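The next block holds one structure in the form of structure tokens; read it before the comments.
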Amino acid sequence: MVVATVAFCLGGLLFGGAFIFLALSLSDLRALGTLRRTTPTPIGARSRGRVALEGVTEYGPAGRQFAPVSGEDCAWYHVVLLREPSRRFSRGDDPDHDVLLDVASPAWPTLADHGGRLPVDPRTWTDPILEEPSVPVTTRLEHRLAAPVPLPSIVPPDVVADLRKSERLSLTEVRIPRGTKVFALARVNGRGLAPRRSGATVFTTLSRAEVLTSRRESMGMGRRMAGGFGLAGLALMALAVAYFRIFPG
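Numbering of the sequence shown is given in our numbering, commencing with residue 517 and proceeding in unit increments.
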């Protein structure tokens, strides 16, 4: 009886999981339709609203940038320094870290082709539902008293001197290299290229053809997983129901 009950519950979970994979597959289907309908246009001929663009990353209005952690030439950077854990005991929604440094390039990078340039809002490549390979390059350093590492000059010396044995410094640099080929599906507003308000946003090193292939494969995988989970769930629930009917007590 216990085994049958567990099997029925497990079957229900698998059947519910099938709906999750089906929803993901439908999301990929909508994104695939949008990608097919939106053909790339030259940046110089851009208009407001949804666009597909192909270009390379370039310096923004602030010109050439040097990433403070890696020292690399780049079009844009963002550096965050955290001290964690900053509190032995946290209450409620209090964070378990302190943000000691949060700096970025003075201007956005641009996406360029033979016809022009377009500033790119950093939210375009930090959209939480991006699926394809990302454009930014990330460098991370972690410093502890027991395992020190050389830190760049952007880290204030007093921060290092005040570090406790139970704490660590986490330094993260995200940068946009210059000259990286990009395919973007986003929207153009008054400031430049930005993430779409609804639907898929794409900002990737893949070509448009590769993105289409990737989405088709993802959609196919979602359908197969939905079918497999659904059939397995129904089979387990059916076996459990049959057992309950044969052995009702």
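C-beta: ideal position from N, C-alpha, C; glycine also.
Since we're looking at a predicted model, the values are computed, not measured.
- Proximity to G744 [Cα-Cα], best of L529, A725, T521: L529
- Message: Within 10 Å of its beta-carbon, does C525 have 16 or more other beta-carbons around it, so buried, or fewer, so exposed?
- Response: exposed
- Message: Helix, strand or coil, according to DSSP, for V665 in the structure here?
- Response: coil
- Query: Roughly how many angstroms separate the alpha carbons of W624 and H613, rounded to a whole number?
  - Reply: 28 Å
- Evaluate F582 with the Cβ neighbour count: other Cβ atoms within 10 Å of its Cβ, from every protein chain shown; 16 or more gives buried, anything less gives exposed. exposed
- Task: May I have the straight-line CA-CA distance separating S723 from L627, to the nearest angstrom?
- Result: 15 Å
- Task: State yes or no: is the C-beta of I559 within less than 8 Å of the C-beta of D629?
- Result: yes
- Task: Report the option in T717, V585, V698 whose CA atom is closest to the CA atom of E658.
- Result: V585
- Start and end of the alpha helix (DSSP H) containing V585? Note, V585: premise wrong, no alpha helix (DSSP H); not H, not E.
- DSSP state of E689, grouped into three classes? strand
- Identify, in the order they occur along the chain, each residue of the same chain with its Cβ nearer than 8 Å to the Cβ of R712, setting aside the five sequence neighbours on each side. R566, L701, A702, R703
- Buried or exposed: S606, going by 16 or more other Cβ atoms within 10 Å of its Cβ? Here S606 scores only 49 on pLDDT, less than 50, and its place in the model should not be relied on; the value that follows carries that caveat. Under the 10 Å beta carbon count, S606 is surrounded by fewer than 16 other beta carbons and is classified as exposed.
- Message: I need the straight-line Cα distance from R633 to T642, nearest angstrom please.
- Response: Within the model, the alpha-carbon separation for R633 versus T642 is close to 20 Å.
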